[in-house]
Amino acid sequence: MRPLTESELRGSFVNADPADVALMALPHDFVLTEWDHLDFLAWRDPRSRGRGYIVAEVDGTPTGVLLRAAEGSSRARSAFCNICRTMQPGNQVSLFTAREAGTAGAHGDSVGTYMCADLSCHENVRLAMPLAPNEYRGSVDMKIDGTKRRTREFVARVLETAA
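Heads up: the sequence shown at position 159 corresponds to 159 in the working numbering, and the numbers run straight through without jumps.
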């Protein structure tokens, strides 16, 4: 991912109004971000429990999406992240929704998927060994490529109706 300034990062959000962007808390280590090692940037807002953010390059343009985490916790023993495809304990995966960009989002339309609750998918796929015995045992490079592709696809779904 190419390096972004704070203003570029804030300007990349396609489904957030200016008030949401103004309230956004950047990751505490934003100035130390190693952009060369990121496929996408994702973090939970430390000031707002239910908010998260994901920024991915779509067609070479950094595109940010404001996420809302579902309230409550799962009673499931385990759950599957649809982004990094790792099996996690049930309380470590959460349903995240994103208001669609454009008119559809203004009318309340949204898309959602299950993701690691702390949005650590980028790190999870870089673990050499799978997190659970029943996971797909592909190479780490394949897992990284798949996670990057699924992240871009999710961000593109948010953009679909805005085009």
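All residues carry an ideal CB built from backbone N, CA and C; glycine is no exception.
Figure out for me which residue from the options has the closest Cα to the Cα of residue i.
| i | options | result |
| --- | --- | --- |
| Lys143 | Val158, Leu159, Arg85 | Arg85 |
| Val125 | Glu57, Ala70, Trp35, Asn82 | Asn82 |
| Ile54 | Asp141, Met115, Gly146 | Met115 |
| Met1 | His37, Arg149, Pro18, Ser110 | His37 |
| Glu8 | Asn91, Glu57, Asp39 | Glu57 |
| Asp29 | Leu41, Leu23, His107 | Leu41 |
What residue range is occupied by the uninterrupted alpha helix (DSSP H) comprising residue i?
| i | result |
| --- | --- |
| Ser7 | 6-11 |
| Cys121 | 121-124 |
| Val155 | 140-159 |
CA-CA distance, residue i and residue j?
| i | j | result |
| --- | --- | --- |
| Leu26 | Arg44 | 9 Å |
| Asp141 | Glu123 | 13 Å |
| Leu95 | Gly60 | 27 Å |
| Arg49 | Asp118 | 11 Å |
| Cys121 | Trp35 | 16 Å |
| Glu71 | Thr147 | 25 Å |
Chain D beta carbons: is any one of them nearer than 8 Å to that of residue i?
| i | result |
| --- | --- |
| Val140 | Of the chains in the structure shown, none is chain D; there is only one protein chain. |
Kindly indicate the opening and closing residues of the beta strand (DSSP E) around residue i.
| i | result |
| --- | --- |
| Val93 | 93-99 |
| Thr164 | Residue 164 lies beyond the residue range present for the chain, which begins at 1 and ends at 163; the question has no answer from this structure. |
| Pro89 | 87-89 |
Does the structure place the stretch 65-78 close enough to the stretch 87-106 that three or more beta carbon pairs sit under 8 Å? Verdict: yes, contact present.
At 3 residues or longer, and completely inside the stretch 25-51: list those beta strand (DSSP E) runs for me, N to C. Runs found: 41-44.
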